[in-house]
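What follows is a set of notes on a single structure, which appears directly below.
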Amino acid sequence: MDWNFILFTLIKIACVIGAVLTMFAYSVLAERKISAFIQDRVGPNRVALPLIGSVPVIGPLLTRLGFWQPIADGLKAILKEDFTPSYVRKAYFWLAPAIALIPSFLTTAVIPFGSTLGNPNNKMVIADLDVGILYTFGIVSLGVYGIVLAGYAAKSKYPFLGGIRSSAQMISYEIAMGMSVVPLFLVVGNLNLSKVIEYQAQNGWLICYTPVSFFIFLVSAFAETNRLPFDLPECETELVAGYNTEYSSMKFALFFMGEYANMIAAASMMVVLFFGGWTLPGLTTPANTLATGLLHIGIFVGKMLVLMVLFIWVRWMLPRFRYDQLMDLGWRRFIPLALANIFFYAAWFWMKS
Amino acid sequence: MQDLFFYLFAALTLLCGFLVVANPFNRNPVTSAMFLALTIVSMAGLFVLLHAFFLAAVQILVYAGAVMVLFLFVIMLLDLKEEQRRTANKFGIVSGIISVGAITVIFIKAIFESHATATDTTPVLEGATQPLGRMLFNDYLLPFEILSVLLLVAMVGVILLSKKDLR
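First to last, the sequence lines map onto chains A and B. All residue numbers for the first sequence refer to our numbering, where the first residue is 4 and numbers rise by one. All residue numbers for the second sequence refer to our numbering, where the first residue is 260 and numbers rise by one.
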């Protein structure tokens with residue numbers, strides 16, 4: 004344990020958390036702007052900062068783009084009254100938002116978001132675990148606790164039913180998601196995410212080898228993050244607002260943040276597993292200089308942003324499923340499909356050997 | 260550093276394990292279930308210190324992530340109010356002490372009879388998943404398969420019990 008390593012790791016953790024929080028703020032803005040575009044509206048275009056707003060050209064442009072909207076949203080979430088209903092279970096009521104948020108941050112620990120910063124020892128991943136993907140699935144499965152406890156803590160019918168429904172959905176799709184990546188690791192032969200990217204640098208992106216896996220993973224990720232077409236936890240006509248009905252102010256914002264942080268984590272997982280991480284065709288060697296290192300991080304973030312836009316686009320273009328249709332799709336279509344997919348790749352490799 | 264983490268996780272495991280069965284502040288079964296989940300997570304920490312990363316990940320994935328969530332579901336849906344008022348009875352205490360004593364004796368005997376020394380620290384299943392898979396599917400294939408059949412039997416049984424019109 005030398006202090007350089009600890010310091011470097013702490014800096015990386017701080018940078019990753021900062022990046023995830025920034026991306027959270029601006030993905031909310033992107034969501035509002037893209038939904039406005041799809042519905043032929045303008046979207047947020049009013050918030051201006053006192054001094055920068057009066058700078059010619061740039062000021063009005065940033066205001067039109069809604070660039071300062073996240074600040075206004077954040078202030079609103081913090082300054083609103085944090086109301087705790089008298090009948091809730093206090094300890095769980097406080098614990099649930101934190102438990103919902105923490106796993107999505109923990110999953111970012113194993114994601115290699117760049118190659119190096121010039122020096123081969125400075126790997127751009129917080130923890131280079133040998134069982135990276137299993138760690139991710141383990142932590143993701145802990146995310147269910149936040150939602151279950153939120154429903155339980157509220158001690159009222161609709162949040163409880165919403166919590167049960169949402170966690171049943173998450174557990175069901177976790178199975179399909181976990182099985183969808185097995186063929187990937189049959190191809191690569193290693194669970195370490197850095198090795199997965201190494202393989203893709205040499206042999207091309209894995210989406211070309213395992214397209215069915217990608218399809219199952221993508222749909223399961225929509226269900227895991229509780230987003231439309233599968234946003235069953237929130238349903239005004241049946242469940243009010245689902246598990247977070249009784250929450251207000253910053254506690255509600257934490258659930259909201261958890262949802263978007265999950266989305267960011269899912270997008271980065273997909274980039275690592277299927278789209279070659281920080282590599283591009285023709286740009287596959289780990290960085291030797293600081294500039295190329297930063298370029299690799301930029302490529303990774305760019306790929307993530309494309310996937311995030313896909314997430315948002317799907318939300319505003321597709322109608323939602325009914326709950327029984329969701330369960331039917333998960334258990335009767337995707338799990339058999341994922342099993343057949345595993346069998347196909349196993350048989351293929353057995354034939355080849 | 261490693262020692263520090265070992266004592267931290269061991270203490271956490273024991274404390275949470277104690278709070279599962281005898282929580283003096285809160286007798287809510289859901290609290291017990293949550294502490295059981297915490298016990299499982301801190302045991303995963305102990306596995307990590309033994310370089311058994313695969314076991315640690317699977318421990319969290321299967322026990323904390325799936326089994327305990329289902330426990331929690333059942334406890335919440337049943338809403339066990341009388342469980343909070345129940346006090347320990349004599350039979351439970353006596354049988355508990357006997358079983359704890361028996362397990363302690365077995366453990367102590369096993370520790371004294373094993374000839375492990377402090378220098379003997381190379382783990383058989385160092386970190387990687389591959390040796391574990393090799394052992395499971397070569398040396399221990401039959402027990403592994405029997406276990407999976409056992410799980411299948413349990414699953415079929417549950418479906419048979421819950422579907423009335425199948426009988």
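Ideal Cβ positions, reconstructed from N, Cα and C, are used throughout, including at glycine.
1) Which of the three DSSP states, helix, strand or coil, is assigned to T119 of chain A?
2) Quick one: residues in its chain with C-beta nearer than 6 Å to the C-beta of Q389 of chain B, no 5 flanking neighbours on either side, listed in chain order?
3) For L286 of chain A, which beta-bridge partners are listed by DSSP?
4) What in chain A is Cβ-close to A316 of chain B, meaning under 7 Å?
5) Measure the Cβ-Cβ separation of L276 of chain A and L137 of chain A and say whether it is below 8 Å.
6) List the residues of chain A whose Cβ lies closer than 7 Å to the Cβ of L331 of chain B, in chain order.
7) Please list, in chain order, all residues of the same chain as L109 of chain A whose beta carbon is under 7 Å from its beta carbon, the five residues on each side excluded.
8) How about the region 139 to 155 of chain A and the region 315 to 328 of chain B: do they share at least three Cβ pairs that are nearer than 8 Å?
9) How is L384 of chain B classed by DSSP in three states: helix, strand or coil?
10) State yes or no: is the beta carbon of V279 of chain B nearer than 8 Å to at least one beta carbon in chain A?
11) For a cutoff of 8 Å on Cβ pairs, would you count I352 of chain B as touching chain A?
12) Just checking my contact of R168 of chain A with L235 of chain A at CB under 8 Å: how many whole Å lie between their CB atoms?
13) Could you work out which residue in A:F225, A:T292, A:G135 is closest to L320 of chain B when comparing CA atoms only?
14) Which residues in the same chain have their Cβ closer than 8 Å to the Cβ of S291 of chain B, if we skip the five residues on either side of it in sequence?
15) Bridge partners of V215 of chain A, per DSSP?
16) Which residue comes first and which comes last in the alpha helix (DSSP H) that contains N287 of chain B?
17) With a cut-off of 8 Å, does the C-beta of G355 of chain B fall near any C-beta of chain A?
18) Please report the residue range of the alpha helix (DSSP H) in which K254 of chain A lies.
19) Measuring only between beta-carbons, confirm whether Y90 of chain A sits less than 8 Å from chain B.
20) With respect to the alpha helix (DSSP H) encompassing I210 of chain A, which residues constitute its N-terminal and C-terminal limits?
21) Quick one: grab the DSSP three-state call for V19 of chain A.
22) Among the candidates A:L310, A:A349, A:G280, A:I267, whose CA atom is the shortest distance from the CA of T111 of chain A?
23) Are the beta-carbon atoms of V184 of chain A and N193 of chain A separated by less than 8 Å?
24) Can you tell me the Cα-Cα spacing of K160 of chain A and V215 of chain A, whole angstroms?
25) Are the region 273 to 288 of chain A and the region 93 to 103 of chain A touching, with three or more C-beta to C-beta distances below 8 Å?
26) Does DSSP put K306 of chain A in a helix, in a strand, or in coil?
27) Count the other CB atoms, across all protein chains shown, that sit within 10 Å of the CB of K355 of chain A; report buried if there are 16 or more and exposed otherwise.
28) Is V243 of chain A helix, strand or coil by DSSP?
29) Quick test of the definition: if touching needs 3 or more C-beta pairs under 8 Å, does the region 412 to 424 of chain B touch the region 217 to 233 of chain A?
30) Please list the terminal residues of the continuous alpha helix (DSSP H) segment that includes G181 of chain A.
31) Is the beta carbon of V289 of chain B closer than 8 Å to that of L337 of chain B?
32) Cα separation between K15 of chain A and T292 of chain A?
33) Using a Cβ-Cβ cutoff of less than 8 Å, which residues in the same chain neighbour F265 of chain B once the five nearest sequence positions on both sides are dropped?
34) In the region 33 to 105 of chain A, which residue ranges form an unbroken beta strand (DSSP E) of at least 3 residues, counting only runs that do not cross its ends?
35) Alpha carbon to alpha carbon, how far is T228 of chain A from F116 of chain A? Give it in angstroms, no decimals.
Considering the structure as presented:
1) In the structure shown, T119 of chain A sits in a strand (DSSP, three-state: E or B).
2) Correct list: empty, nothing qualifies.
3) Answer is A:L283, bridged to L286 of chain A.
4) Going along chain A in sequence order, the residues near A316 of chain B (Cβ under 7 Å) are V134, L137, Y138, G141.
5) Cβ distance not < 8 Å, so L276 of chain A and L137 of chain A don't count as in contact.
6) Chain-ordered, the chain A residues with CB closer than 7 Å to the CB of L331 of chain B read V151.
7) Once the five neighbours on either side are set aside, the close Cβ partners of L109 of chain A are I142.
8) With the cut-off at 8 Å, the region 139 to 155 of chain A and the region 315 to 328 of chain B touch.
9) Confidence at L384 of chain B is low in this model, with a pLDDT of 47, below 50, so the placement of that residue should be treated as unreliable; the coordinate-derived value is given next. If DSSP states are grouped into helix, strand and coil, L384 of chain B belongs with coil.
10) Chain A contact via Cβ: absent.
11) Not an interface residue.
12) Beta-carbon to beta-carbon, R168 of chain A and L235 of chain A are separated by about 6 Å, close enough to satisfy the 8 Å threshold.
13) The shortest C-alpha separation from L320 of chain B is found at A:G135.
14) Hits under 8 Å: L278, V279, V280, N282.
15) Listed as beta-bridge partners of V215 of chain A by DSSP are no residues whatsoever.
16) First-last for N287 of chain B: undefined, no H or E at that position.
17) At a cut-off of 8 Å between beta-carbon atoms, G355 of chain B makes no contact with chain A.
18) For K254 of chain A, the enclosing alpha helix (DSSP H) has its first and last residue at 252 to 277.
19) No, Y90 of chain A lies away from the interface with chain B (no Cβ there is under 8 Å from its Cβ).
20) For I210 of chain A, there is no enclosing alpha helix (DSSP H), as DSSP marks it with neither H nor E.
21) In this structure, DSSP gives V19 of chain A a helical state, which the three-state scheme calls helix.
22) Ranking A:L310, A:A349, A:G280, A:I267 by Cα distance to T111 of chain A puts A:I267 first.
23) No, the Cβ-Cβ distance between V184 of chain A and N193 of chain A is not below 8 Å.
24) Those two C-alpha atoms are separated by around 39 Å.
25) With a cut-off of 8 Å on Cβ pairs, the region 273 to 288 of chain A is not in contact with the region 93 to 103 of chain A, counting fewer than three such pairs.
26) For K306 of chain A, the three-state secondary structure derived from DSSP is helix.
27) Exposed.
28) The three-state reading of DSSP puts V243 of chain A in strand, counting E and B together.
29) Because the criterion of three Cβ pairs below 8 Å is not met, the region 412 to 424 of chain B and the region 217 to 233 of chain A do not touch.
30) Taken as a continuous stretch (DSSP letters only), the alpha helix (DSSP H) holding G181 of chain A covers 160 to 183.
31) No, the Cβ-Cβ distance between L337 of chain B and V289 of chain B is not below 8 Å.
32) Near 18 Å, if we compare the C-alpha coordinates of T292 of chain A and K15 of chain A.
33) Closer than 8 Å at the Cβ level, and outside the excluded window around F265 of chain B, lie L305, L308.
34) Whole beta strand (DSSP E) segments, 3+ residues: zero.
35) Distance between the alpha carbons of F116 of chain A and T228 of chain A is about 21 Å.
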